[in-house]
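Sequential numbering of the sequence shown, starting at 1, is according to the working numbering.
Reviewing the structure listed below.
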Amino acid sequence: MMLNLRLRRPRLRLVGVIALALSAGALVPADALAQGRGGGGPGGFGGMMGGMGGGFGDVLNPSVNSRDLDRYGDILGLSADQKGAVRELFGGYQDQFRAWAEKTRDEMAAIRGRMEAERGQRGEGRGAGEAFNAIRESFTRLRGEREKMEQVFFEDVKTILTPEQEALWPKVERTRRRETTMARGFVAGENVDLFRVLERLNLPADLRATLTATLDQYEVDLDRALVDRNKVQEEGISNFMGGRFGRPDEGFDMEKAQKAFQEARDVSIRLRDVNRRYARQLEAQLPEDRRAGFNKAFNEASFPEAYRESAIVRNVTAAMGFADLTPDQRQRLTELRDQYTRESGPMAERLAKAIEEQQATMTIEQMMSRFRGGDDASPVAQARQARREQERAYGDKVRSVLTPEQIERLPQGDGRGEDRGGGERRERVEELRRRG
1 MMLNLRLRRP RLRLVGVIAL ALSAGALVPA DALAQGRGGG GPGGFGGMMG
51 GMGGGFGDVL NPSVNSRDLD RYGDILGLSA DQKGAVRELF GGYQDQFRAW
101 AEKTRDEMAA IRGRMEAERG QRGEGRGAGE AFNAIRESFT RLRGEREKME
151 QVFFEDVKTI LTPEQEALWP KVERTRRRET TMARGFVAGE NVDLFRVLER
201 LNLPADLRAT LTATLDQYEV DLDRALVDRN KVQEEGISNF MGGRFGRPDE
251 GFDMEKAQKA FQEARDVSIR LRDVNRRYAR QLEAQLPEDR RAGFNKAFNE
301 ASFPEAYRES AIVRNVTAAM GFADLTPDQR QRLTELRDQY TRESGPMAER
351 LAKAIEEQQA TMTIEQMMSR FRGGDDASPV AQARQARREQ ERAYGDKVRS
401 VLTPEQIERL PQGDGRGEDR GGGERRERVE ELRRRG
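Structure below.
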């Protein structure tokens, strides 16, 4: 099925939706796909297209930083002299990258200016094919140049290694691949890094040592699945940028695009399953008193939207520290916190299940509908609404326990729970004052 865009500028949003789908997360993280309509913010559709057409996302940022080098140095066991040599090489890499980025920004500004001029001359929406080609060619070239600089830098680093250290280089490569590409997740749970999950638990060294064999095998199996997934993602980007699914001025072949999208989802699910398999193994190896904490951290990493710490918990925790909190207030807040904890668990599970089922059956056309805001009746949207209503109700209960002055001292809301900002907070405080 060919979908003709007829060169209308608003329809160019479809370009970004298809690019997002075919890259399956290589351009944006998983939560942007799960959240539906992206709007113009940095985490949604507008941010993605702004990155490709305006600033080309992270392409103009260095792909290596000093923290990376510290970690790799620890893996390799670099000496003080070797670390000094690496810093010198890194300084040269940074100088080269800055010069390249400055030159590239000028080129991008020229391209944008040319595109705007052509649009003004030809009329709104015309010249979509030329714009698509300009973005495609520039994006492909920039990514290649950036990757080449990184490759040359690491080849230079390898020249100062001993044979024993060079034998450890594959571990550095696996670590780097995990840390730099895991976030490209398309399905919930595939971008979980079990190394980081365990770091959050602050396990004693002797307990962590008992997990070494499992973690070593996890690193290898994860990397194998990660390589496969990244390959499919890169092919999706390459095929889209190469016009293999069509162009804005010629129409897109949605059947080909959907097939590629399904292939990307399949490899993402396989990567997710590696994480889940090893999470079960690690849980079984942990002492009983550590398992609940591990599962909580794993769920939060897999479904951050569903299992994130809510504004209710943050507010109650903060209020418990108030010096002017009375014993009666403390008891009532404790009861509310315990009740909320019991009731919010099933709500989180409902949302996580809905997200996973949606991602398993999502099509490109459904993604387009969600980005247009046509997602209100989906199980995910309903679960989110139920969650918001629950948090709003508990937010009112928490505030009813506190005085207006105490409410003023609560943490600022993050816009996702019952506390949606200072305006709503002030209105509620004023209402309580009027009642008092």
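Yeah, the Cβ is synthetic: ideal placement off N, Cα and C, and Gly gets one too.
Count the other CB atoms, across all protein chains shown, that sit within 10 Å of the CB of residue i; report buried if there are 16 or more and exposed otherwise.
i: residue 45; result: Note that residue 45 scores 31 on pLDDT, short of 50, meaning its location in the model is unreliable and no value can be drawn from it.
i: residue 151; result: exposed
i: residue 117; result: exposed
i: residue 98; result: exposed
i: residue 359; result: buried
i: residue 202; result: exposed
i: residue 109; result: exposed
i: residue 377; result: exposed
i: residue 328; result: exposed
i: residue 196; result: exposed
i: residue 138; result: buried
i: residue 280; result: exposed
i: residue 220; result: exposed
i: residue 320; result: exposed
i: residue 257; result: buried
i: residue 77; result: exposed
i: residue 305; result: buried
i: residue 184; result: buried
i: residue 318; result: exposed
i: residue 384; result: buried
i: residue 42; result: Low local confidence applies: a pLDDT of 32 at residue 42 is under 50, so the model's placement there is unreliable, with the coordinate-based value given in what follows. Under this definition residue 42 is an exposed residue.
i: residue 233; result: buried
i: residue 25; result: Below a pLDDT of 50, predicted positions are generally treated as unreliable, and residue 25, at 48, falls in that range; no measurement from the model is reported.
i: residue 229; result: buried
i: residue 61; result: exposed
i: residue 190; result: buried
i: residue 113; result: exposed
i: residue 265; result: buried
i: residue 345; result: exposed
i: residue 286; result: buried
i: residue 348; result: buried
For the alpha helix (DSSP H) that residue i lies in, which residues bound it at each end?
i: residue 362; result: From DSSP, residue 362 is part of no alpha helix (DSSP H); its letter is neither H nor E.
i: residue 245; result: Residue 245 -> no alpha helix (DSSP H), and no H or E assigned at all.
i: residue 407; result: 404–408
i: residue 288; result: 288–302
i: residue 70; result: 66–76
i: residue 194; result: 194–201
i: residue 181; result: 169–181
i: residue 207; result: 205–209
i: residue 391; result: 379–401
i: residue 164; result: 163–166
Closest by CA to residue i, which one among the options?
i: residue 194; options: 400, 405, 273, 86; result: 273
i: residue 262; options: 387, 335, 361, 153; result: 361
i: residue 253; options: 264, 265, 240; result: 240
i: residue 66; options: 93, 77, 79, 60; result: 93
i: residue 356; options: 105, 381, 333, 369; result: 381
i: residue 63; options: 90, 170, 83; result: 90
i: residue 290; options: 107, 364, 401, 199; result: 199
i: residue 79; options: 161, 288, 226, 169; result: 161
i: residue 210; options: 146, 154, 283, 256; result: 283
i: residue 337; options: 383, 187, 296, 391; result: 391
i: residue 156; options: 87, 325, 340; result: 87
i: residue 316; options: 303, 326, 330; result: 330
i: residue 294; options: 397, 255, 192, 334; result: 192
i: residue 314; options: 287, 230, 399, 303; result: 399
i: residue 149; options: 217, 100, 188; result: 100
i: residue 107; options: 75, 96, 270, 142; result: 142
i: residue 171; options: 237, 75, 186, 411; result: 75
i: residue 365; options: 259, 411, 292, 312; result: 259
i: residue 158; options: 69, 307, 308; result: 69
i: residue 222; options: 296, 308, 174, 339; result: 174
i: residue 154; options: 85, 140, 215; result: 85
i: residue 178; options: 218, 292, 167, 389; result: 218
i: residue 393; options: 208, 227, 343; result: 343
Flag residue i as yes when its Cβ comes closer than 7 angstroms to any non-hydrogen atom of the ligand MN, and as no otherwise.
i: residue 110; result: Here there are no bound small molecules, and the ligand MN is not part of this structure.
- Task: Let me know the beta strand (DSSP E) ranges lying completely inside the stretch 310–335, each 3 residues or longer, listed in chain order.
- Result: Within the stretch 310–335, no complete beta strand (DSSP E) run reaches 3 residues.
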